[in-house]
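Structure record follows, encoded as structure tokens.
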Amino acid sequence: MRTKIYLITLLICVILTPLAAQQTAQSQSFSLKQAVEYGLANHNSIRSARMEIPYAEAEIKEYKAIGMPKLEGNINYQHFLELPVSFLPDFLTPAVENTLLNYDLITEDQLTPSNGGLFPARFGTTNSLSASLNFSTLIFDGAYFVGLKAIKGLREMKQLQIGIPEQEVAYNIRKAYLAVLVTREGTALVNKNITNLEKLLAETREIYKNGFAELLDVDRLELSLTNLQTEREVLQRQEQMAIALLKFQMQYPISQPLELTDKIADITMEVADPALSGTYLLDNRVEFQVLQKASLLSQLNIDRFRKSYFPSVIGIASYSQALQRNKLFNSDEAGFNGTSLVGVQVNVPIFDGFDRRSKIQKATIERDKIGLQIKDFEQVMAFQVESARIAYRNASDRLAARQKTVDQAERIFNTTQTKWREGVGSSFEVTNAEREVYTAQANFLNAWYDLANAKVDLEKALGVK
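So the sequence shown is numbered by my numbering: it starts at 19 and just counts up by one.
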């Protein structure tokens with residue numbers, strides 16, 4: 019009996035353990051930093067860019083193979099159904115016949131007809147079997163060694179290019195994460211306003227029962243409460259959309275729950291003074307680094323074509339064994355005969371139809387175009403930095419002004435509520451003050467979100483990771 023209970027318990031554990039693990043794995047919590055790290059590790063655009071590294075390494079090995087020693091083995095067997103015919107000069111027949119003719123042993127009518135002075139002959143054996151080893155190695159080629167530098171630089175550029183999608187993914191995740199936080203903050207404010215308004219509505223109903231307020235006062239507050247509840251539903255749906263966008267930017271499964279651990283107050287909106295007024299470094303931007311590397315590679319490409327005018331030297335060696343027999347397996351016939359050689363091959367380019375010159379012209383144009391792109395980028399970055407700095411200052415000033423507006427609106431609202439309770443104010447004043455608070459709060463949230471976005475844009479413009 020105990021054995022059965024043990025087996026049943028074990029079976030239940032085996033079944034429930036993966037389910038529990040799966041349920042636990044379905045919900046994950048992320049801070050802003052963790053969300054960015056998750057996106058950088060899982061986004062397909064970054065994965066695709068990282069695949070270029072092993073691809074570039076394979077290209078390097080492929081190019082290196084051009085200068086590596088080569089060894090090739092060949093086996094060749096031929097069986098002649100008919101030996102080839104060769105025509106040789108017929109120097110025997112005329113001499114013999116002339117001698118016979120001089121001794122009157124034959125007449126002129128008996129001379130062999132002329133066949134152009136040639137007679138057919140068959141040479142060779144029916145079977146031919148040969149095996150050889152051929153070795154070659156590049157000794158000198160100026161274009162090859164310059165190309166080797168260029169192909170290694172290509173890998174470095176591929177590594178740099180990974181930073182471009184990484185920068186874009188991190189940028190999009192930060193914006194999406196902040197959008198969720200701002201939406202949640204708006205929902206929290208609406209919930210707070212609903213709580214306060216419900217309390218005020220309950221007090222107004224009691225005052226109305228006692229005859230010190232009108233039904234119109236109660237209706238106004240109920241209408242405001244209904245509007246707030248509708249606004250809360252809208253914000254909740256907006257939050258769902260914002261979370262879906264964040265999942266998409268992170269490449270996180272859309273169907274799995276996602277929890278955010280940071281609050282909007284946890285995100286530092288301030289930036290250091292040098293970021294707002296100091297000099298910036300072009301090298302901080304990945305795009306600039308890629309352009310510089312591309313310029314260097316284009317110059318190496320020009321050098322490679324120029325070095326192709328120089329001679330190239332190749333070392334060669336060969337060893338072979340050949341067997342020629344009429345009967346392949348007849349040991350009485352001749353056996354294998356060996357041949358070996360070593361040598362040097364020098365290739366001297368003389369005239370190529372202006373092919374190299376055209377390639378140098380094209381590569382020079384490409385280098386000059388990249389130079390123009392670098393100058394354009396310098397201007398673009400200067401504009402982006404200055405625009406982002408101005409936008410950040412404006413957003414910071416706007417947020418400070420909106421905060422003062424919220425404080426003033428809340429003081430006015432509290433004062434009108436006190437006057438209303440004491441019977442020296444009207445419900446109309448309370449309703450207007452309430453609307454001013456909601457408007458001020460909405461403007462404050464928008465300013466907060468604008469400042470957060472301005473900070474992200476400034477960091478991107480400066481190349482801050």
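Note that the Cβ used here is the ideal one computed from N, Cα and C, for glycine as well.
Ala479 carries a helical assignment under DSSP once its states are collapsed to helix, strand and coil.
Counting along the chain, Phe431 sits inside no beta strand (DSSP E); it lies in the alpha helix (DSSP H) bounded by residues 373 to 440. If the five residues before and after Val208 are omitted, its C-beta is found closer than 7 Å to the C-beta atoms of Leu246, Glu249, Arg250, Leu253, all from its own chain and listed in chain order. Contact between Lys325 and Ala161 holds: CB atoms are separated by about 4 Å, below the 8 Å threshold. Cβ neighbours of Met86 within its own chain (closer than 7 Å, five residues either side excluded): none. In the DSSP assignment, Asn211 falls within the unbroken alpha helix (DSSP H) covering 181 to 227. Under the criterion of beta carbons closer than 8 Å, Leu318 and Ala168 qualify as touching, at roughly 4 Å.
Closest in alpha carbon position to Glu100, among Asp415, Gln421, Asn344, is Asn344. DSSP, reduced to helix, strand and coil, places Ile285 outside both helices and strands of the structure shown, so it counts as coil. Going by DSSP, Tyr337 is part of the beta strand (DSSP E) stretching over 330 to 343.
By DSSP's assignment, Ser445 forms no beta bridge with any residue. Between Ile64 and Gln177, the C-beta spacing is not below 8 Å. Per DSSP, Leu234 is one residue of the alpha helix (DSSP H) stretching across 233 to 268. Excluding five sequence positions before and after Ile388, the CB atoms of its chain that fall closer than 8 Å to its own CB belong to Leu309, Ala312, Ser313, Ser316, given in chain order. The beta-bridge partner set that DSSP reports for Thr357 consists of Ser338. Taking a contact to require three or more Cβ pairs closer than 8 Å, the segment 365 to 377 and the segment 178 to 190 do not qualify as touching. A Cβ-Cβ contact shorter than 8 Å links Gly333 with Ile157.
Assigned with DSSP and collapsed to three states, Ala149 falls in strand. DSSP places Gly91 inside the beta strand (DSSP E), whose first and last residues are 88 to 97. Counting along the chain, Leu276 sits inside no alpha helix (DSSP H); it lies in the beta strand (DSSP E) bounded by residues 276 to 278. Your pair Asp237 and Tyr226 does not check out as a contact, with CB atoms roughly 10 Å apart and the cut at 8 Å.
Taking every protein chain shown into account, the CB of Gln267 has 16 or more other CB atoms within 10 angstroms, so this residue is buried. In terms of CA proximity to Asn62, Pro183 leads the group Asp301, Pro183, Pro275. In this structure, the straight-line span from the alpha carbon of Ser376 to that of Ile320 is close to 11 Å. Beta-bridge annotation (DSSP): Ala139 is paired with Ser104. For Phe48, no alpha helix (DSSP H) encloses it; the enclosing beta strand (DSSP E) starts and ends at 46 to 48. Closest by C-alpha distance to Ser295, out of Ser148, Val403, Arg68, is Val403.
Of the residues assessed, Arg140 falls on the exposed side of the cut-off, its CB having fewer than 16 other CB atoms within 10 angstroms. With 16 or more other Cβ atoms from the protein chains shown falling within 10 Å of its own Cβ, Gln269 counts as buried. Following the DSSP letters along the chain, one finds Phe323 inside the alpha helix (DSSP H) bounded by residues 304 to 325. Residue environment for Tyr73: exposed (fewer than 16 other C-beta atoms within 10 angstroms of its C-beta). Annotated three-state conformation of Phe462 is helix, per DSSP.
A check of alpha carbon separations from Tyr337 across Tyr56, Leu89, Leu172, Tyr298 identifies Leu89 as the nearest. With at least 16 other beta carbons inside 10 angstroms of its own, Leu172 counts as buried. Leu463 is positioned such that its CB atom lies no closer than 8 Å to that of Ser414.
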